[in-house]
């Protein structure tokens, strides 16, 4: 709450000015005669108490109110103007959301690697610098630009002071006050530097040139007259400025031989450009079926050279970073479910992600109007969706209307001497009050009925309430060594009889009540017990997830299970290292008891939580040793003494031969290759997280229902104990107050089309029309407020209107200064916005008016007066401010924003002083206390 309160401090200036002006001019109000009062600004040096009809608002009659009525009227106009500013801020929020969605559009390209392989990826359609100077500058400065155009068009194409003075006053506020706040709010000892310094130089130069150009056309080129070519050239400077900034960003012209490389950004596989040397090997780009070679063809916004290996490395780096965040959150919150961890990580990644100017403007407006922190709100909404999905899924239980019958497991094993093997049939779902019948029948596999097992068939009856039945198949024992054999048991012919039925239902009705499930066939394997066994792994290679914890490997004993056998085993390092790095070293012996056919070896695997992993180690079993032969069937016990005795008799030789045939031996797979791979769940989580870290998804909307719910919901704003958890806090008193003050605007602008429609363009068009309508009201209210208290339009614009339109930008820049890694989002865009304001706001308005007057054989007259003086004063102060910012890049401070507390205070104080001096001198000149131009 304290942050929000501090950010409002500039707003106290208009209130003080209002009281001061009313008191100073009270005596003059009684002294002047109404008949002698001039209209607005018809006098060169004095203000006027006579108001003119506005573009929309009529005159408030009578024209000569008492002093008390003036205070009441001024208060009404001022409050209405502030309320309109709130409305503009909220519709500008919707406008900037559409711009964020538009500039986030991507298109798919195909990368052809030098070896001929191709892969697909996405690139952003809009260059960041171009979008900042066009759509985003238009979004943040739309009120000032539209005010200038509406003022000219709404007053018969004559020049006014309100629009141009608002643009200059807003530029001064942006350059001095906003930057002063940004310098100060950075925590002590931290700095923020401008990353794209070339772009900053270009936009700063154009910003200063824009206001110098205004002075030239007003006072030098054609004093007091704006010709058609001057208006059009002012407008055409806008695309020229954008092109120059793009060239600086792309390092073209004199940077012709310095190539751009592209790397994968941390957002949805996007390719991000950065500077580098000429690559030795290039990859071509295919788009829309054409190949774009980097030497001869520009792609989207400039020469494109892809370093595929570097792209892969950066892509891997982005995933590793997300994996690291998830790992840290798991350790910090071990009790949270994976979906909750995903949302925590989502909030943390979004918080750390570099954000656009549009995002900061949207965030600032929503914090200011009680709509809450959009990142926290997004994370909380996603968490609620995850919980609701979990609840929906949990409701899908065994309430299936159809009963399913199947074997409990698909495979069964038994020894040859077991007598019978039991198989379990289960019944799940459906109406358990019914009686269900299912037939079963054995079928030969490698085992034959009559010699290896007893052929069995029959019908199992599930009475009402019964869910499990057991069937048994007889196993035939013999004294012959033989391989393991198997046979099948099938389920078929499901029938149902319901309660009260006299017979079994017809087949056509059975399918709606009961059916076979999976598995409906069971495989029974018979292990021979006349041999000590063949020992082997199930397969030569196995893949495991690193998150398995402790893996269990089965050692099988096939073709016999007679006697006690010891099998040694050990792990062997490969690319995976033991000793606790990738796995724990394991060695020992397995002891198979008589008739025991399987043993497991446990190995602990270390979970490093890597996004991609492919490491190998081995598990090897040694020669099995027979401990004791079973004498159940007259077996022969082998001892060392047997080998040292005299030659055996023929009978003993035969017994020995039979015993040798029954010795335990190793099978086909004695060395198991174990490949440790990344956790599928973890990798899927990271991929899901990457897809969610698109800010356009956070600020955008996809339905009117979502917009209306958001409009009437109060959410918590920013707080000082902000942490990475992204959990929603309860709204404060300030949040409730601001919500109820702005709920009318929120509900009204919820009718604006969602940003998902037409890729944001529907919202863009409707929003700018709404901004234009509100701006017309603001212009009339500001003019009537000024004339009510005797202020000139130029002073009203510089002090009140400029400040009101800049408050959201102040919040946005403050948030950007504290949260962003660089200073570009907070001050780099100030200069670009100032230039765009002149070229669009004044260029369009004056071009239209100049063409209109030229068509009627007249000259478009614009008095240099106050505007020329304000422009000159601003230009001088702007040079000083840019110089101070560049000086702060010296090692003593290290960056444009932040630094030691003393330097922050000095810089902020200087910038605030420049703004106060600008207001002071502009006001003195407007009332002829000092001489202008």
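In mature numbering (1 follows the signal peptide of the UniProt record, and there is no 0), the protein residues as written are -31 to -1, 1 to 902.
For every residue, glycine included, the Cβ atom is placed at its ideal position computed from N, Cα and C.
Residue i classed as buried or exposed, judged by whether at least 16 other C-beta atoms fall within 10 angstroms
| i | result |
| --- | --- |
| residue 69 | buried |
| residue 732 | buried |
| residue 225 | Since pLDDT at residue 225 reaches only 46, below the 50 mark, its modelled position is unreliable, and the value read off the structure follows with that caveat. Exposed, by the Cβ-count rule. |
| residue 180 | buried |
| residue 870 | exposed |
| residue 584 | buried |
| residue 32 | exposed |
| residue 705 | exposed |
| residue 426 | exposed |
| residue 856 | exposed |
| residue 430 | exposed |
| residue 72 | buried |
| residue 676 | buried |
| residue 143 | buried |
| residue 58 | buried |
| residue 171 | buried |
| residue 882 | exposed |
| residue 464 | buried |
| residue 157 | exposed |
| residue 137 | buried |
| residue 671 | exposed |
Where the alpha helix (DSSP H) through residue i begins and ends
| i | result |
| --- | --- |
| residue 633 | That residue, residue 633, is in no alpha helix (DSSP H); it is neither H nor E in DSSP. |
| residue 773 | 771 to 788 |
| residue 32 | Looking at the DSSP string, residue 32 is not in any alpha helix (DSSP H), and its letter there is neither H nor E. |
| residue 101 | 97 to 102 |
| residue 894 | 870 to 895 |
| residue 822 | 812 to 824 |
| residue 427 | Per DSSP, residue 427 belongs to no alpha helix (DSSP H); it is in the beta strand (DSSP E), 426 to 431. |
| residue 674 | 673 to 680 |
| residue 559 | That residue, residue 559, is in no alpha helix (DSSP H); its beta strand (DSSP E) goes 556 to 561. |
| residue 172 | 166 to 184 |
Assumed close pair residue i, residue j - CB separation to whole angstroms, cut-off 8 Å
| i | j | result |
| --- | --- | --- |
| residue 575 | residue 550 | 7 Å |
| residue 61 | residue 777 | 7 Å |
| residue 811 | residue 117 | 6 Å |
Where residue i sits in the DSSP three-state scheme
| i | result |
| --- | --- |
| residue 461 | strand |
| residue 862 | coil |
| residue 437 | strand |
| residue 903 | This structure cannot speak to residue 903, because the chain is shown only from -31 to 902. |
| residue 381 | strand |
| residue 79 | strand |
| residue 63 | helix |
| residue 125 | coil |
| residue 900 | coil |
Whole-angstrom distance between residue j and residue i, CA atom to CA atom
| i | j | result |
| --- | --- | --- |
| residue 532 | residue 514 | 36 Å |
| residue 393 | residue 437 | 7 Å |
| residue 516 | residue 400 | 40 Å |
| residue 190 | residue 841 | 15 Å |
| residue 571 | residue 456 | 31 Å |
| residue 903 | residue 823 | Residue coverage of the chain in this structure runs from -31 to 902, which leaves residue 903 outside it and unanswerable. |
| residue 367 | residue 397 | With a pLDDT of only 46 at residue 367, under 50, the local geometry of the prediction cannot be trusted, and the value read off the model is given with reservation. Near 7 Å, if we compare the C-alpha coordinates of residue 397 and residue 367. |
| residue 818 | residue 134 | 17 Å |
| residue 459 | residue 404 | 20 Å |
| residue 833 | residue 19 | 23 Å |
| residue 891 | residue 770 | 15 Å |
| residue 34 | residue 755 | 15 Å |
| residue 493 | residue 391 | 10 Å |
| residue 336 | residue 709 | 14 Å |
| residue 573 | residue 442 | 39 Å |
| residue 612 | residue 379 | Note that residue 612 scores 46 on pLDDT, short of 50, meaning its location in the model is unreliable and no value can be drawn from it. |
| residue 887 | residue 712 | 36 Å |
Boundaries (first-last residue) of the beta strand (DSSP E) holding residue i
| i | result |
| --- | --- |
| residue 520 | 519 to 527 |
| residue 391 | 389 to 397 |
| residue 413 | 404 to 413 |
| residue 535 | 533 to 542 |
| residue 903 | This structure leaves residue 903 out entirely; the chain is present only between -31 and 902. |
8 Å Cβ cutoff, residue i in contact with chain C
| i | result |
| --- | --- |
| residue 131 | Absent from the structure: chain C. Only one protein chain is present. |
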